[in-house]
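First the structure, in the form of structure tokens, and then the observations on it.
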Amino acid sequence: MARRRARAGWLFASPALLVVAAVTVFPVLFSLVLSFSEVRLEYGGLRLGSPTLAHYEALLTHSEWYRALAFTLGFTVVSVFVELVLGTLVALVLERLGAARGWILALLLLPWALINVIAAQLWSYLFNGTYGAVGWLCEQMFGTRPDILGEPLPAMAAMVVVDVWKTTPFVAIVVLAGLMLIPGDVYEAAEIDGASAWTTFWKVTLPQLRPIIAIAVLFRILQAFGIFDLPFVLTQGGPGTATQSVAILGYRILFQNLDFGGGAAVAVTTAAIVLGCCLLFLRVFRAQADEGGRA
Numbered sequence: 001m002a003r004r005r006a007r008a009g010w011l012f013a014s015p016a017l018l019v020v021a022a023v024t025v026f027p028v029l030f031s032l033v034l035s036f037s038e039v040r041l042e043y044g045g046l047r048l049g050s051p052t053l054a055h056y057e058a059l060l061t062h063s064e065w066y067r068a069l070a071f072t073l074g075f076t077v078v079s080v081f082v083e084l085v086l087g088t089l090v091a092l093v094l095e096r097l098g099a100a101r102g103w104i105l106a107l108l109l110l111p112w113a114l115i116n117v118i119a120a121q122l123w124s125y126l127f128n129g130t131y132g133a134v135g136w137l138c139e140q141m142f143g144t145r146p147d148i149l150g151e152p153l154p155a156m157a158a159m160v161v162v163d164v165w166k167t168t169p170f171v172a173i174v175v176l177a178g179l180m181l182i183p184g185d186v187y188e189a190a191e192i193d194g195a196s197a198w199t200t201f202w203k204v205t206l207p208q209l210r211p212i213i214a215i216a217v218l219f220r221i222l223q224a225f226g227i228f229d230l231p232f233v234l235t236q237g238g239p240g241t242a243t244q245s246v247a248i249l250g251y252r253i254l255f256q257n258l259d260f261g262g263g264a265a266v267a268v269t270t271a272a273i274v275l276g277c278c279l280l281f282l283r284v285f286r287a288q289a290d291e292g293g294r295a
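Position 204 (the sequence shown) corresponds to 204 in full-length UniProt numbering; numbering is contiguous.
Structure, rendered in structure tokens:
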């Protein structure tokens, strides 16, 4: 009976699995094959030649790859950390609201609901060095109008600001869902024991939120590491290559230089880095959760 139910389960799941294989597994395998092959663009399409490691050798010896990787890693770490802190604070505030919670949640979702390209274009108007509101405000306060998107460090900071503005509501809603699942008796027990608000948060709330926070951080790492539209619209990867992400680098190699093998090597290397980071994060989180359970 158990084997029959298992077969029935696989039978019903097979259409979804086939779709996943068609849109996910096959492109990944095809990119892997391209990255290890000599690829020639001909009239009839792509022609694969003999196996080679030249694409990875060219990628790993190119300084532009390391600059793009450094920007992407820095952007991911800073933006995810800030979004996690702000999202947790917003969720704690929302948990204590009453009837107004729904209205505030609707307002918070407006940035998250905007299409990334449209949001980036709106912020580009604000950061514009000639007529932007941010530059005008800086001129009124400090007497000078900075070229925010024309300098490396201000441009990187602008990327983080826009991403935090847009994605913090997502983190806040996820954390709020976790807060709503925490039973109230644990807070009553902490209050009876005389725990302060900070101690209650650190010893009771935060351990209960670890699984939810892990999910939110995992999703945000995957999204932030593949950032493309935000720097592409705001700065085109500039000034120079200061805000060029690995996704933009892969786009330029693949679609502008028509180097299909090199673009596939960028995609495969990026996917391997993201997979390694996610597995490491999940392993650390699992170890902490096991220690918390034994405690």
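Think of the CB as a built atom: it goes at the ideal place given N, C-alpha and C, for glycine as much as any other residue.
For I221 and V80, I'd like the C-alpha separation in whole angstroms. Counting from one through the sequence shown, the residue named residue 221 turns up at place 221. Counting from one through the sequence shown, the residue named residue 80 turns up at place 80. In this structure, the CA atom of I221 is about 7 Å from the CA atom of V80.
Tell whether a beta-carbon distance below 8 Å holds between L149 and A157. Against the sequence shown, residue 149 aligns to sequence position 149. Against the sequence shown, residue 157 aligns to sequence position 157. Result no, Cβ atoms of L149 and A157 do not sit closer than 8 Å.
If we ignore side chains and look at the alpha-carbon of each, how far apart do G293 and K203 end up? As a position in the sequence shown, residue 293 is number 293, starting the count at 1. As a position in the sequence shown, residue 203 is number 203, starting the count at 1. Low per-residue confidence applies at G293: pLDDT is 49, beneath 50, and the placement is therefore not dependable enough to give any value.
Which residue marks the beginning of the beta strand (DSSP E) containing L48, and which one marks its end? As a working mapping, residue 48 is identified with position 48 in the sequence shown. Unbroken beta strand (DSSP E) run through L48: G45 to P51.
With S37 as the anchor, note down where its beta strand (DSSP E) starts and where it stops. The residue labelled residue 37 in the question sits at position 37 within the sequence shown. Annotation: the continuous beta strand (DSSP E) that includes S37 extends over S37 to E42.
Within a Cβ cutoff of 6 Å, which residues of the same chain sit near A295, ignoring the five residues on either side of it in sequence? As a working mapping, residue 295 is identified with position 295 in the sequence shown. The predicted model places A295 with a pLDDT of 45, which falls under 50 and marks its position as unreliable; any figure quoted below should be read in that light. Nothing meets the Cβ criterion.
Would you decide whether Q121 is buried or exposed? Buried here means 16 or more other CB atoms lie within 10 Å of its CB. Numbered from 1 along the sequence shown, position 121 holds the residue referred to as residue 121. The C-beta of Q121 has fewer than 16 other C-beta atoms within 10 Å across all chains shown, which makes the residue exposed.
Taking DSSP as the reference, what is the three-state secondary structure of R294? On the sequence shown, residue 294 is found 294 positions in, with the first residue counted as 1. Low confidence applies here, because R294 scores a pLDDT of 47, under 50, leaving its location unreliable; read the following figure in that light. DSSP places R294 in helix when its eight states are reduced to three.
Just to confirm before moving on: does the CB-CB distance between T76 and A195 stay below 8 Å? Taking the sequence shown and counting its residues from 1, the one referred to as residue 76 is at position 76. Taking the sequence shown and counting its residues from 1, the one referred to as residue 195 is at position 195. For T76 and A195, no; Cβs fall outside 8 Å.
Per-residue burial, L176 [other beta carbons within 10 Å of its own, 16 or more giving buried]: To locate residue 176, count along the sequence shown from 1; it is residue 176. Under this definition L176 is a buried residue.
Backbone secondary structure at E64 - three-state DSSP: As a position in the sequence shown, residue 64 is number 64, starting the count at 1. In this structure, DSSP gives E64 a helical state, which the three-state scheme calls helix.
Is the beta carbon of E83 less than 8 Å from the beta carbon of V23? Indexing the sequence shown from 1 puts residue 83 at position 83. Indexing the sequence shown from 1 puts residue 23 at position 23. With contacts defined as CB atoms closer than 8 Å, E83 and V23 fail to qualify as a contacting pair.
Please report how far the alpha carbon of L86 lies from the alpha carbon of Q208, in whole angstroms. Counting from one through the sequence shown, the residue named residue 86 turns up at place 86. Counting from one through the sequence shown, the residue named residue 208 turns up at place 208. Their Cα atoms are separated by approximately 18 Å.
Applying the 10 Å Cβ sphere with the 16-neighbour rule, what's the burial state of L11? For the purposes of this step, residue 11 is identified with residue 11 of the sequence shown, where counting begins at 1. Exposed, since its Cβ has fewer than 16 Cβ neighbours within 10 Å.
Does DSSP put L254 in a helix, in a strand, or in coil? The residue labelled residue 254 in the question sits at position 254 within the sequence shown. Three-state result, L254: helix.
For S196, which of helix, strand or coil comes out of DSSP? In the sequence shown, residue 196 corresponds to position 196, counting from 1. Three-state DSSP puts S196 in coil, outside helix and strand.
Measuring only between beta-carbons, confirm whether P27 sits less than 8 Å from chain C. Among the protein chains of the structure shown there is no chain C, as only one such chain exists.
Which of helix, strand or coil DSSP assigns to I248: Your numbering for residue 248 matches position 248 in the sequence shown. Helix at I248.
Taking P152 as part of the alpha helix (DSSP H), name the residues at either end of that continuous run. Here residue 152 refers to the residue found at position 152 of the sequence shown. P152 to L181 is the extent of the alpha helix (DSSP H) around P152.
With distances taken Cα to Cα, identify the nearest neighbour of F228 among L249, R210 and A214. The residue labelled residue 228 in the question sits at position 228 within the sequence shown. Relative to F228, the option among L249, R210 and A214 whose CA is nearest is L249.
Do G261 and S37 come within 8 Å of each other at the CB atom, strictly closer than that value? Position 37 of the sequence shown, counted from the first residue, corresponds to residue 37. Position 261 of the sequence shown, counted from the first residue, corresponds to residue 261. Taking a C-beta distance under 8 Å as the contact criterion, S37 and G261 qualify as a contact pair.
By a C-beta neighbour count over all protein chains shown, 10 Å radius and 16 as the cutoff for buried, is Q244 buried or exposed? As a working note, residue 244 is residue 244 in the sequence shown. Buried: at least 16 other Cβ atoms inside 10 Å.
Let's test the definition: count the other Cβ atoms within 10 Å of the Cβ of P51 and tell me whether it reaches 16, buried, or not, exposed. Locating residue 51 in the sequence shown gives position 51, counting from the first residue. By the neighbour-count rule (16 or more Cβ atoms within 10 Å), P51 is not buried but exposed.
For the structure I just gave you, are there three or more beta carbon pairs, one from the region 184-191 and one from the region 139-146, closer than 8 Å? Under the three-pair Cβ rule at 8 Å, the region 184-191 does not count as touching the region 139-146.
Among V39, P154, V117 and T205, nearest to G135 - alpha-carbon criterion: In the sequence shown, residue 135 corresponds to position 135, counting from 1. Selected option, being the one with the closest Cα: P154.
Taking the runs of the alpha helix (DSSP H) that are 4 residues or longer, which of them lie wholly in the region 200-243? Counting whole runs of 4 or more residues, the region 200-243 contains the alpha helix (DSSP H) stretches 206-225 and 229-234.
Between which two residues does the alpha helix (DSSP H) containing M141 stretch? Taking the first residue of the sequence shown as 1, we reach residue 141 at position 141. That run of the alpha helix (DSSP H) goes A133 to F142.
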